[in-house]
Amino acid sequence: MSKKVNWSGVFPAVTTQFNDDFSINLDKTHQVISNVIRDGVSGLVVCGSVGENTSLTAEEKIAVTEVAVDAAKGRVPVICGVAEFTSVAAANTANLVRKAGVDGVMLMPALVYGSKPYETAEHYRYVAKHADVPLMVYNNPPIYKNDVTPDILISLADCDNVVCFKDSSGDTRRFIDVRNEVGDRFVLFAGLDDVVLESLAVGAEGWVSGMSNVFPKEGETIFRLCKAGRFAEAMPIYEWLMPILHLDARADLVQCIKLCEAIAGRGSELTRPPRLLLRGEDRAHVEAIMAKALANRPILPDVGL
């Protein structure tokens, strides 16, 4: 398998839409995905953290994946999150979603177990060997407690189908450390919304974005301006959006993003328990920053959307 993929741009980690009884609403999920594609995003990630991967059954993950592939219709790449308890289960799931038509898999470390560095590396190596699909290594130590350090990633350079690295640590120095050791071996993706401009400045080629579910045009515009070196034009948009982007770093990011989607008229805020709707000060905070953002929405420069 080629070590090169053409993944670039903003890939929203799209939400999974539910009915009132918490069953999946596949039609609404299709609509949410179709709308972000309409608004110019460059790709999709389904069944990620924002897609509530761990609350879905295996059958539901396949169903959501098939919906995304159908909505994309080959216009943008579709990547599916894989988050399992064991390496064997992760490889099996990766192969199943590949058969459903995805262009790649965003692979999380094995969940629950706090693995040692060599165990984390072996998890990715095992899945790479047993799953015939391009892999994006997903690092999110604040949430998943396992840190895929630059050294661990670099040790996987001989795995042909480990092609991409999504980092949500917030430490943009890691992109430089990786590139200094292995050049452009891995496609680098920003994974934390509120450091995306900084990540692009040091060489990230893409952005897996939570808040581009809510503001897809603005997110893609920030990305394209940065890649064109037009940082002076990107900064006012980035500053306007920053209070919203900070929500992506919270433990309850799924509820925050879905509430923002609902306020913007782009989806339902319903999540599967144990995630519950935001209440009290948390809800008021999100509503207030969304009201301010919508009241001061910037005029976007032309970036070819």
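Offset between the sequence shown (1-based) and the working numbering: plus 3.
By construction, the Cβ of each residue, glycine as well, lies at the ideal position given by its N, Cα and C atoms.
From residue i to residue j, what does the alpha carbon distance come to, in whole angstroms?
{"i": "Lys220", "j": "Thr89", "result": "37 Å"}
{"i": "Ala296", "j": "Glu184", "result": "41 Å"}
{"i": "Val151", "j": "Arg300", "result": "37 Å"}
{"i": "Ala97", "j": "Asp23", "result": "30 Å"}
{"i": "Gly84", "j": "Gln20", "result": "16 Å"}
{"i": "Ala123", "j": "Ile302", "result": "For the sequence presented, residue 123 should be read as Thr rather than Ala. Computed Cα separation, rounded: 44 Å."}
{"i": "Ser215", "j": "Leu47", "result": "11 Å"}
{"i": "Met293", "j": "Thr68", "result": "29 Å"}
{"i": "Ala265", "j": "Val217", "result": "9 Å"}
{"i": "Glu290", "j": "Val205", "result": "33 Å"}
{"i": "Cys167", "j": "Pro153", "result": "13 Å"}
{"i": "Asp187", "j": "Val181", "result": "9 Å"}
{"i": "Val2", "j": "Gly222", "result": "Beyond the ends of the chain as shown, which are 4 and 308, falls residue 2; an answer cannot be given."}
{"i": "Val286", "j": "Cys263", "result": "Inspection of the sequence shows that residue 286 is occupied by Arg rather than by Val. Rounded to the nearest angstrom, the two C-alpha atoms are 10 Å apart."}
{"i": "Arg101", "j": "Thr18", "result": "20 Å"}
{"i": "Gly268", "j": "Gly51", "result": "22 Å"}
{"i": "Phe234", "j": "Ala92", "result": "43 Å"}
{"i": "Gly209", "j": "Pro277", "result": "31 Å"}
{"i": "Thr60", "j": "Val8", "result": "29 Å"}
{"i": "Leu281", "j": "Ala254", "result": "12 Å"}
{"i": "Ile225", "j": "Arg275", "result": "32 Å"}
{"i": "Gly43", "j": "Leu308", "result": "6 Å"}
Using only CA atoms, which one of the options lies nearest to residue i?
{"i": "Asn28", "options": "Phe14, Trp10, Glu63, Glu125", "result": "Glu63"}
{"i": "Phe279", "options": "Val257, Ile292, Ala294", "result": "Just to set this straight, residue 279 is Leu in the shown sequence, not Phe. With distances taken between Cα atoms, Leu279 lies closest to Val257."}
{"i": "Tyr121", "options": "Asn149, Val136, Ala207", "result": "Asn149"}
{"i": "His249", "options": "Pro239, Ser212, Pro277, Val91", "result": "Ser212"}
{"i": "Gly173", "options": "Gly104, Ala252, Met238", "result": "Ala252"}
{"i": "Tyr141", "options": "Ala231, Ala113, Thr96", "result": "Ala113"}
{"i": "His126", "options": "Asp135, Met111, Phe178", "result": "Met111"}
{"i": "Ser26", "options": "Leu273, Ala291, Ile292", "result": "Leu273"}
{"i": "Leu195", "options": "Trp243, Phe14, Thr224, Ile40", "result": "Phe14"}
{"i": "Lys119", "options": "Glu290, Val70, Ile247, Pro144", "result": "Pro144"}
{"i": "Ile82", "options": "Val108, Ala61, Gly104", "result": "Val108"}
{"i": "Glu201", "options": "Arg275, Ala254, Thr175", "result": "Thr175"}
{"i": "Val105", "options": "Val70, Gly307, Tyr116, Asp161", "result": "Val70"}
{"i": "Val190", "options": "Val198, Val165, Asp197, Gly270", "result": "Val165"}
{"i": "Ser171", "options": "Cys263, Met238, Val136, Ala207", "result": "Ala207"}
{"i": "Val198", "options": "Ile247, Gly232, Asp163", "result": "Ile247"}
{"i": "Leu156", "options": "Lys169, Trp210, His288", "result": "Lys169"}
{"i": "Ala103", "options": "Ala86, Glu87, Val115, Val136", "result": "Val136"}
{"i": "Ile36", "options": "Gly270, Met139, Ala298", "result": "Gly270"}
Does DSSP put residue i in a helix, a strand or coil?
{"i": "Asn95", "result": "helix"}
{"i": "Cys162", "result": "coil"}
{"i": "Ser215", "result": "helix"}
{"i": "Lys295", "result": "helix"}
{"i": "Cys83", "result": "strand"}
{"i": "Ile27", "result": "strand"}
{"i": "Tyr141", "result": "strand"}
{"i": "Trp243", "result": "helix"}
{"i": "Met238", "result": "helix"}
{"i": "Lys119", "result": "coil"}
{"i": "Phe189", "result": "coil"}
{"i": "Val44", "result": "coil"}
{"i": "Ala16", "result": "strand"}
{"i": "Val205", "result": "coil"}
{"i": "Val49", "result": "strand"}
{"i": "Lys76", "result": "coil"}
{"i": "Asp150", "result": "coil"}
{"i": "Gly194", "result": "coil"}
{"i": "Gly222", "result": "helix"}
{"i": "Phe88", "result": "coil"}
Whose C-beta lies closer than 7 Å to the C-beta of residue i among residues of the same chain, with five residues either side of it excluded?
{"i": "Glu236", "result": "Leu228, Pro304"}
{"i": "Ile40", "result": "Ala74, Ala75, Arg78, Val79"}
{"i": "Lys230", "result": "Leu203"}
{"i": "Ala160", "result": "Val185, Arg188"}
On the criterion of 16 or more Cβ atoms from any shown chain inside 10 Å, does residue i qualify as buried, or is it exposed?
{"i": "Ala94", "result": "buried"}
{"i": "Lys132", "result": "exposed"}
{"i": "Gly117", "result": "exposed"}
{"i": "Ala86", "result": "buried"}
{"i": "Gly232", "result": "exposed"}
{"i": "Leu138", "result": "buried"}
{"i": "Gly12", "result": "buried"}
Which same chain residues end up closer than 8 Å to residue i when comparing Cβ atoms and leaving out the 5 residues on each side of it in sequence?
{"i": "Ala66", "result": "Ile27, Leu29"}
{"i": "Met238", "result": "Leu200"}
Once the 5 residues before and after residue i are set aside, which same chain residues still bring their CB inside 6 Å of it?
{"i": "Trp243", "result": "Pro301"}
{"i": "Tyr129", "result": "Ser90"}
{"i": "His33", "result": "Val70, Ala74"}
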